[in-house]
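Notes follow the structure.
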Amino acid sequence: MGGEPPCGLTGSQAPFFCIFSALASCVSLGLVMPRDLCCPSSSRIRMPLTSRAPLKHRLSEQFSGLWYVVSMVSDCKVFLGKKDHLLMSSRTIRAMPGGNLSVHMEFPRADGCHQLDAEYLRVGSEGHFRVPALGYLDVRVADTDYDTFAVLYIYKELEGALSTMVQLYSRTQEASPQATKAFQDFYPTVGLPNDMMVMLPKSGVWTKACPRPFLLPQGVHGRMWPCLIRVGWQAHLLPPSMH
Numbered sequence: 001m002g003g004e005p006p007c008g009l010t011g012s013q014a015p016f017f018c019i020f021s022a023l024a025s026c027v028s029l030g031l032v033m034p035r036d037l038c039c040p041s042s043s044r045i046r047m048p049l050t051s052r053a054p055l056k057h058r059l060s061e062q063f064s065g066l067w068y069v070v071s072m073v074s075d076c077k078v079f080l081g082k083k084d085h086l087l088m089s090s091r092t093i094r095a096m097p098g099g100n101l102s103v104h105m106e107f108p109r110a111d112g113c114h115q116l117d118a119e120y121l122r123v124g125s126e127g128h129f130r131v132p133a134l135g136y137l138d139v140r141v142a143d144t145d146y147d148t149f150a151v152l153y154i155y156k157e158l159e160g161a162l163s164t165m166v167q168l169y170s171r172t173q174e175a176s177p178q179a180t181k182a183f184q185d186f187y188p189t190v191g192l193p194n195d196m197m198v199m200l201p202k203s204g205v206w207t208k209a210c211p212r213p214f215l216l217p218q219g220v221h222g223r224m225w226p227c228l229i230r231v232g233w234q235a236h237l238l239p240p241s242m243h
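Residue numbers (full-length UniProt numbering): 1 to 243.
Have a look at this one:
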């Protein structure tokens with residue numbers, strides 16, 4: 001990002017866009033790039049791609065459906081400044097051709113449901129993606145049983161600052177003990193301490209703010225959502241099978 005906010009956002013709109021874009025950058029998935037190429041001086045341990053169970057062939061189909069982000073840990077400065085005020089968010093994932101994922105993100109807030117869409121492009125092995133549209137650096141499915149939980153490793157750059165995040169996905173808003181243990185066992189291996197972790201509370205405004213998933217129409221860039229909200233655009237509903 002950098003420079004002026006897009007679409008001519010001014011006044012009170014500009015700070016909100018900058019804050020939400022930064023948070024989305026912290027809590028979303030990423031673009032694959034070897035860490036030693038983008039950050040050669042970093043002493044951080046490179047994440048090994050390990051899984052409690054082998055990643056299945058055609059992970060994109062197994063990984064599809066609704067997930068809740070129930071916990072996360074990160075050294076992202078924007079995240080650390082906001083983590084005590086964050087609520088549980090959701091991801092609606094659809095399998096796309098070639099093993100790609102279409103990911104719709106919803107962030108419930110007291111003032112409404114803020115939404116973002118992106119396509120995660122598979123790179124190489126199962127569970128490894130990139131997202132050119134959002135400019136993230138690396139995302140890997142580090143651990144999953146597909147049916148109840150997933151642990152995601154994320155590495156990204158925001159306005160020149162590199163950071164790491166690990167997210168715990170759950171099929172329900174209550175993570176199982178197995179899921180929580182997998183998450184807590186993993187994030188220290190990439191150098192993230194306990195004091196950077198937050199268990200996200202369920203939102204009391206979820207049903208009202210985010211009553212059902214939405215998708216931007218094909219060809220509309222995820223970063224265009226502030227412009228569309230500004231002009232009163234109404235998003236398209238997902239097919240009934242995705243609700």
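Cβ coordinates follow ideal geometry from the N, Cα and C atoms, glycine included.
Secondary structure at A179: helix, using DSSP grouped into helix, strand and coil. Pairing I154 with Y169 gives a Cβ-Cβ distance that is not under 8 Å. When the beta-carbon positions are compared, V151 and V190 stay at least 8 Å from each other. By the CB criterion at 8 Å, I93 and L101 fall inside the cutoff. With 16 or more other CB atoms across the displayed protein chains lying within 10 angstroms of its CB, M105 is buried. In the structure shown, D147 falls within a coil segment according to DSSP collapsed to helix, strand and coil.
Burial state of T172 is exposed, judged by a 10 Å Cβ sphere holding fewer than 16 other Cβ atoms.
Assignment of beta-bridge partners to S102 by DSSP yields R94, E119. M199 is a Cβ neighbour of V70, given a cutoff of 8 Å. In this structure, P108 sits near S203, with a CB-CB distance shorter than 8 Å.
Setting aside the 5 residues that flank it on each side, W67 is surrounded in the same chain by R91, Y169, each with a C-beta closer than 6 Å to its C-beta; the list follows chain order.
Pairing F149 with A182 gives a Cβ-Cβ distance under 8 Å. Here K202 carries a coil assignment [DSSP, helix/strand/coil].
By the C-beta density criterion, H85 is exposed, having fewer than 16 other C-beta atoms within 10 angstroms. With respect to the C-alpha of F63, the residue from K77, G99, L116 having the closest C-alpha is G99. Within the model, the alpha-carbon separation for D117 versus V131 is close to 11 Å. In the DSSP assignment, L162 falls outside any alpha helix (DSSP H) and within the unbroken beta strand (DSSP E) covering 161-170. Spanning the alpha carbons of V73 and V141 requires a straight line of approximately 15 Å.
Taking a 10 Å sphere around the C-beta of A179, we find 16 or more other C-beta atoms and assign the residue as buried. Less than 8 Å separates the beta-carbon of A161 from that of K77.
For the pair L158 and F79, the Cα-to-Cα distance works out to about 12 Å. The three-state secondary structure of V141, taken from DSSP, is strand.
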